[in-house]
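Under our numbering, the first residue of the sequence shown carries the number 942, and numbering increases by one thereafter.
Beta carbons are placed, not taken as given, at the ideal position from N, Cα and C, and that holds for glycine.
A quick note: this is a predicted structure, and the numbers were derived from the prediction, not measured.
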Amino acid sequence: MTGASSGIGLAIAAMLAEEGHDLTITSRTPAKIEAAAAQLAEHGTAINLVAADLADADEVGRVLAAHRERFDRLDVLVNNAGLGIRGPIGEFSTKHMDLQLALNLRSVMLFYRESLDLLRVAGAEHRGALVINMSSVAGKQGEADLSVYSATKHGVVGFTQAMQRELAGDGIKSCVVCPGFVDTPLADYMKERLPAEEMIRPEDVAESVRSLLHLSPHCVVPEIVLMKPNAEGVLAV
Ligand SMILES: NC(=O)c1ccc[n+]([C@@H]2O[C@H](COP(=O)([O-])OP(=O)(O)OC[C@H]3O[C@@H](n4cnc5c(N)ncnc54)[C@H](OP(=O)(O)O)[C@@H]3O)[C@@H](O)[C@H]2O)c1
């Protein structure tokens, strides 16, 4: 479970612990992931914590090595860590492009590649190994001033579709989740225009993921889009 220290990731981690899953949780900042582990401990399942910068490709292997050593099985993989850097393309630094590509998109690919053997074992056992990949509504429609973020999130949608086709035969399901604005620190920049209390709750995202845990092997949900209704009741970002 990546990006588990905050926001959507912490809500999904809490839901998974409630559902009885032992968890490896990871995020970049040691103090934040330690605080999250302390919070999750109340559910009584085992919590293995690893601080890692997932924009660094080698760190993905280190997280999975720690997971293997502690649990040596993987039924649910949640690729949630991400960040959004705003700015017009004419002023966008290469460093900020690379950072978003590495974290938001490449780390998802690396987690699949490096955990495939464990996912295949779970898939062979119960035909319901599950990978959740966090995209965004910006992964469905490009957003001005969020162009690189939008590109990475479109990439996550396409990669998830490819993984669903490539790995379904191994009993591995892939679902991409595309929320509108969720009340987390990542959406702070929007809170003057859209009050936090009118945003989607992190727990809404977690509940949508919970439903996937209980599906039969014959049912796959390839994509979840979460939006808020506007004043006319029409779906809106
Ligand atoms: N909030 C929204 O409106 C919204 C909408 C659509 C999609 N999303 C997506 O939802 C996901 C979670 O975002 P959030 O809204 O919950 O934001 P958040 O509260 O800021 O959480 C982001 C998480 O990602 C981790 N992270 C950031 N950089 C990292 C790095 N280099 N290496 C490892 N972990 C890193 C953070 O770790 P630390 O806390 O340790 O730094 C944190 O756990 C992201 O993929 C985001 O794109 C968010």
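Let me check you understand the geometry: is the CB of residue 1110 closer than 7 Å to at least one non-hydrogen atom of ligand 1? no
Go ahead and label residue 1053 buried or exposed: buried means 16 or more other beta carbons lie within 10 angstroms of its beta carbon, across all protein chains shown. buried
Report yes if the C-beta distance between residue 1125 and residue 947 is below 8 Å; otherwise report no. yes
When you compare only the Cα positions, how much space is there between residue 1021 and residue 1091? 15 Å
May I ask whether a heavy atom of ligand 1 can be found less than 7 Å away from the beta carbon of residue 1136? No, ligand 1 has no heavy atom inside 7 Å of this Cβ.
Would you be able to state if there are at least three C-beta pairs under 8 Å between the region 1107-1117 and the region 1058-1078? yes
Who pairs with residue 1165 in a beta bridge, going by DSSP? 1118, per the DSSP bridge assignment.
Taking 8 Å as the threshold (C-beta atoms), are residue 1144 and residue 954 in contact? no
Looking only at its own chain, which residues have a Cβ that is under 8 Å from the Cβ of residue 1040, when we skip the five neighbours before and after it? Within the same chain, Cβ atoms closer than 8 Å to the Cβ of residue 1040 are found at 996, 1024 and 1026, the five residues on either side in sequence being excluded.
Could you tell me if residue 1136 is buried or exposed, where buried requires 16 or more neighbouring beta carbons within 10 angstroms of its beta carbon? With fewer than 16 Cβ atoms within 10 Å of its Cβ, residue 1136 is classed as exposed.
Go through its chain and collect everything with a Cβ distance to residue 976's Cβ below 8 Å, but skip five positions before and after it. 946
Does any CB atom of chain B fall closer than 8 Å to the CB of residue 1143? Here there is only one protein chain, and chain B is not present.
Secondary structure of residue 1029, DSSP reduced to three states: coil
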